[in-house]
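Protein chains: 2
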Amino acid sequence: MKRIALLSVGAAMVGIATGMASTSRQAQQPVESVLDGRLPAGYRDWRLISVAREEGELDDIRAVLGNDAAIKAYRERNHPFPEGTIIARLAWSYDASEENNKTFGRRQSFVAGHPKNGVQFMVKDSKKYASTGGWGYAQFDDGKSVLDAQRIAMCYECHKAIKDRDFIFTNYAP
Amino acid sequence: MKRIALLSVGAAMVGIATGMASTSRQAQQPVESVLDGRLPAGYRDWRLISVAREEGELDDIRAVLGNDAAIKAYRERNHPFPEGTIIARLAWSYDASEENNKTFGRRQSFVAGHPKNGVQFMVKDSKKYASTGGWGYAQFDDGKSVLDAQRIAMCYECHKAIKDRDFIFTNYAP
Chain A
8 MKRIALLSVG AAMVGIATGM ASTSRQAQQP VESVLDGRLP AGYRDWRLIS
58 VAREEGELDD IRAVLGNDAA IKAYRERNHP FPEGTIIARL AWSYDASEEN
108 NKTFGRRQSF VAGHPKNGVQ FMVKDSKKYA STGGWGYAQF DDGKSVLDAQ
158 RIAMCYECHK AIKDRDFIFT NYAP
Chain B
8 MKRIALLSVG AAMVGIATGM ASTSRQAQQP VESVLDGRLP AGYRDWRLIS
58 VAREEGELDD IRAVLGNDAA IKAYRERNHP FPEGTIIARL AWSYDASEEN
108 NKTFGRRQSF VAGHPKNGVQ FMVKDSKKYA STGGWGYAQF DDGKSVLDAQ
158 RIAMCYECHK AIKDRDFIFT NYAP
């Protein structure tokens with residue numbers, strides 16, 4: 008607790024000193040909270056890993072963000088990912104933008120609409136999640152944890168296919 | 008110069024104290040540098056505003072990132088955007104992912120491939136860019152500034168259509 012308090016003070020000091028929104032809050036985010044049913048408060052501030060589009064039933068446009076451990080490991084090509092890595096998958100409806108199309112003069116533009124298909128997380132804790140490749144899986148729908156064990160187990164079933172890259176499909180977009 | 012040096016020291020201290028990658032470098036990034044032909048060193052660390060897909064000639068998948076001023080203004084619905092706001096548009100090739108499709112058991116997945124269509128910036132400086140709605144426009148191809156005045160002028164020609172939202176098409180993806 009003392010260490011966390013000290014980090015808070017340090018972060019606050021710099022927030023004031025530089026006059027910017029500090030993203031250092033994530034340093035205080037315990038890895039466990041993600042799978043304890045609490046949405047990590049700062050995940051929307053995490054840095055971008057990549058973007059994607061899923062057709063079919065998912066029908067969304069998505070962004071994959073990572074905490075500092077994730078971004079560092081991606082950039083240094085440090086696999087397997089270190090303990091404490093958290094990767095977040097956000098998704099939104101895939102909406103044709105009439106506004107953009109009007110300006111372009113043709114139908115070509117699709118943008119992110121409302122949040123869709125929940126927010127998913129992968130959390131690296133090799134001991135705790137040894138039975139699922141060292142990663143815990145979590146999903147939040149409308150900010151609420153989806154605790155359906157069967158549904159979560161399905162995550163690992165698919166991610167097993169990419170064991171060679173430490174179970175992570177998403178590559179870093181330069 | 009003295010103030011910048013002090014901020015550097017402050018940022019470095021917290022980088023050490025929290026053991027995390029500091030994104031505070033952007034506080035030292037002069038707005039002018041974007042349009043002086045220098046790619047802002049920290050823009051890839053900026054936070055996500057939204058994602059989009061462009062078909063047609065552009066044929067890319069893209070992410071729009073913002074510096075702290077941009078993110079704050081978006082979240083507080085503070086329009087017009089304050090001086091010093093910088094918005095970055097990154098884009099990548101729109102690649103079908105055979106790897107993902109194999110796992111999904113159907114063709115549905117498209118991911119970001121190689122960087123494409125340059126990196127574009129909008130910089131808010133109402134005085135300097137009064138003739139183009141208070142925003143300066145810049146583009147970097149392979150990290151090099153595109154100084155073609157005619158090409159840059161085309162940016163404003165299209166963005167004029169969205170004057171009611173301070174010339175910014177992209178909405179914040181929650």
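As you go down the protein sequences, you meet chains A and B in turn. The opening position of the first sequence corresponds to residue 8 in my numbering, with each subsequent residue numbered one higher. The opening position of the second sequence corresponds to residue 8 in my numbering, with each subsequent residue numbered one higher. Ideal placement from N, C-alpha and C gives every residue a C-beta, glycine not left out.
Could you tell me whether the Cβ of residue i comes closer than 8 Å to any Cβ of chain A?
i: residue 70 of chain B; result: yes
i: residue 90 of chain B; result: no
i: residue 149 of chain B; result: no
i: residue 55 of chain B; result: yes
i: residue 58 of chain B; result: yes
i: residue 62 of chain B; result: yes
What residue does the alpha helix (DSSP H) around residue i start on, and which one ends it?
i: residue 166 of chain A; result: 156 to 166
i: residue 82 of chain A; result: 75 to 82
i: residue 106 of chain A; result: 105 to 111
Count the other CB atoms, across all protein chains shown, that sit within 10 Å of the CB of residue i; report buried if there are 16 or more and exposed otherwise.
i: residue 64 of chain A; result: exposed
i: residue 67 of chain B; result: buried
i: residue 156 of chain A; result: exposed
i: residue 160 of chain B; result: exposed
i: residue 61 of chain A; result: buried
i: residue 3 of chain A; result: Outside the shown range of chain A, which is 8 to 181, sits residue 3 of chain A, and nothing can be said about it.
i: residue 52 of chain B; result: buried
i: residue 251 of chain A; result: The requested residue 251 of chain A does not occur in the structure, where chain A is confined to residues 8 to 181.
i: residue 75 of chain B; result: buried
i: residue 57 of chain A; result: buried
Is it the case that the Cβ atoms of residue i and residue j are separated by a distance below 8 Å?
i: residue 138 of chain A; j: residue 44 of chain A; result: no
i: residue 144 of chain B; j: residue 81 of chain B; result: no
i: residue 72 of chain A; j: residue 130 of chain A; result: no
i: residue 103 of chain A; j: residue 117 of chain A; result: yes
i: residue 126 of chain A; j: residue 97 of chain A; result: yes
i: residue 46 of chain B; j: residue 55 of chain A; result: no
i: residue 141 of chain A; j: residue 163 of chain A; result: no
Contact criterion: CB-CB distance below 8 Å. Does residue i meet it with respect to chain B?
i: residue 42 of chain A; result: no
i: residue 115 of chain A; result: yes
i: residue 99 of chain A; result: yes
i: residue 139 of chain A; result: no
i: residue 105 of chain A; result: no
i: residue 118 of chain A; result: yes
Taking the beta strand (DSSP E) that residue i belongs to, which residues open and close that run?
i: residue 56 of chain B; result: 54 to 61
Segments of 4+ residues assigned as alpha helix (DSSP H) that fall wholly inside the stretch 94 to 154 of chain B: Within the stretch 94 to 154 of chain B, the complete alpha helix (DSSP H) runs of at least 4 residues fall at 105 to 111.
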